[in-house]
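Here's the structure we're looking at; comments come further down.
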Amino acid sequence: ILLGQALAGSISAANTNFEQNTGLIGANYVAFIIIGANVFSSVTTSLWLFGFFIRREQTSGTLEALFMTPAHQISILAGLTLYVEIRSLVTFVGGYLLGCLIFNINPIQGEVLLAMGLLIFGLIPINGLSFLLGALVLKVKKGEFRP
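Below, the structure is given as structure tokens:
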């Protein structure tokens, strides 16, 4: 955000450059950057939390006990996935509201609900990548990684 202002000279010049380069007339590039940064943060949080949870449970010795319980493994993974999704959405909303507060932007302007919908829809493939990351963590940390 500050780089755009530094290169353009002012916030209005940065908005003009953004409109010319993207074709989005009346768009606020600061809100665009805030939404994009928070989507990135949510995706990173989703991937990090899932792999970190698997590794932490493995090093503490509770992963085997967790998988030996009568609960189905899919329900354990579904619960973890639900936790990760809720935490990602809380990260998104908190970061967005904080960014709007810092940069003096109306938080309900533009297509915020569309961005939230796309984030929720986009978390489905991110969960698949999280499962792959968790499986990779299990495979590599067991010392049996063979490509």
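Each residue of the sequence shown is one higher than the one before, starting from 1 at the first, in UniProt numbering. The beta carbon of each residue, even a glycine, is placed where N, CA and C say it ideally should be.
Enclosing alpha helix (DSSP H) for Thr69 [first to last residue]: Looking at the DSSP string, Thr69 is not in any alpha helix (DSSP H), and its letter there is neither H nor E.
The alpha helix (DSSP H) enclosing Ile105, as first and last residue numbers: Ile105 -> no alpha helix (DSSP H), and no H or E assigned at all.
Cβ contact (3+ pairs, closer than 8 Å) linking the segment 129 to 143 and the segment 48 to 68: yes
Local Cβ density within 10 Å of Tyr83, reported as buried at 16 or more and exposed below that: exposed
Gly94 (DSSP reduced to helix, strand or coil): helix
Pairwise C-alpha distance: Ile34 and Gln73: 37 Å
The alpha helix (DSSP H) enclosing Asn38, as first and last residue numbers: Tyr29 to Ser60
Nonlocal neighbours in the same chain, by C-beta distance under 7 Å from Ile76, ignoring five residues either side: Leu66
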